[in-house]
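Numbering (this note's numbering), first residue to last: 352 to 616.
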């Protein structure tokens, strides 16, 4: 796992894939900076007039429903359709799924629509998406990430998702035949807005170069960067600053000595 992630990071920094993001107003700056720091090329594209063209040469599409309305839903639907036409991965972040009927139904519609799908969400969102009782508080999870593993497997079967990434105190990447558990990160990360959204964007970056292993790479690297950043941080403000630095500075040695992961069937 360590060598795989280190190698894919090297490939990403060489290829600098373009990641199209239709994301929420709160986190546009955060996710763009995270993508730039890791070595990818972000574009925040919300216009129907250009998204069809962009999907012909981009590497992937990130859909984040955090600030949802009827206009955004139509734009996102159109973008997913053109990702399908061009065979591009769609990474869905169903922010607040379970908090409202609109968010839940929209998330399920997009899962049905996307042909090359990865889902990245917190535990409560994953469980709500799978129609399993969850404890949702706005966009925050009240469930443990481990409790959502069964729900993630349900989503893989129902929507033919390649894998589901569950963020939490511990992160899980659930595939059809394996569950990978990551135990890095920092207690400060939940105190910085958009951290999960950055996780989604990074998954999009790696999906552009390796669809099968995108969740593993993004999850492992963000966790390592967060753990290293905490050592230099006094609170959430400096955490955000140092996290971007660590994403930029990550190398194979950091991965080898810091990454904590295990795989089960």
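Don't be surprised by glycine CBs; every beta carbon is placed ideally from N, CA and C.
CA-CA distance, residue 532 and residue 558? 19 Å
Give the straight-line distance between the Cα atoms of residue 405 and residue 369, rounded to the nearest whole angstrom. 9 Å
Please return the same chain residues whose Cβ sits closer than 7 Å to the Cβ of residue 357, not counting the five positions on each side in sequence. 603 and 606
Beta carbon of residue 478 nearer than 7 Å to that of residue 543: no
Rank 561, 545, 588 and 451 by C-alpha distance to the C-alpha of residue 366 and give the top, closest one. 561
Near residue 613, which residues of its chain fall below 6 Å by C-beta distance, leaving aside the five closest residues on each side in sequence? 532
Quick one: Cα of residue 395 to Cα of residue 567, how far? 24 Å
Buried or exposed: which applies to residue 457, given that a residue is buried once 16 or more other Cβ atoms fall within 10 Å of its Cβ? buried
Per-residue DSSP class, three states only, for residue 506: helix
Assuming residue 564 and residue 611 are in contact, meaning their beta carbons sit under 8 Å apart, how far apart are those beta carbons, in whole angstroms? Residue 564 to residue 611, Cβ: 18 Å. No contact.
Is residue 587 helix, strand or coil by DSSP? helix
Reference residue 443, options 598, 380, 471 and 398, closest by Cα: 471
Beta strand (DSSP E) segments (min. 3 residues) lying fully within the stretch 508-570: 514-518, 522-526 and 530-533
Residue 594, DSSP secondary structure in three states: helix
As a quick exercise: from 416, 540 and 430, pick the residue whose alpha carbon is nearest that of residue 407. 430
Alpha carbon to alpha carbon, what distance is there between residue 588 and residue 460? 36 Å
If you reduce the DSSP assignment to three classes, tell me which class residue 443 lands in. strand
Between the C-alpha atoms of residue 411 and residue 538, what's the straight-line distance to the nearest angstrom? 30 Å
DSSP-derived helix/strand/coil call for residue 415: strand
Starting from residue 377, trace the alpha helix (DSSP H) in both directions and tell me its first and last residue. Taken as a continuous stretch (DSSP letters only), residue 377 belongs to no alpha helix (DSSP H), as it is neither H nor E.
Label residue 577 either buried or exposed according to how many other C-beta atoms from any shown protein chain fall within 10 Å of its C-beta, with 16 as the threshold for buried. buried
Same chain, Cβ closer than 6 Å to residue 599, neighbours up to 5 away in sequence not counted: 388
Tell me whether residue 395 sits in a helix, a strand or coil according to DSSP, three-state version. strand
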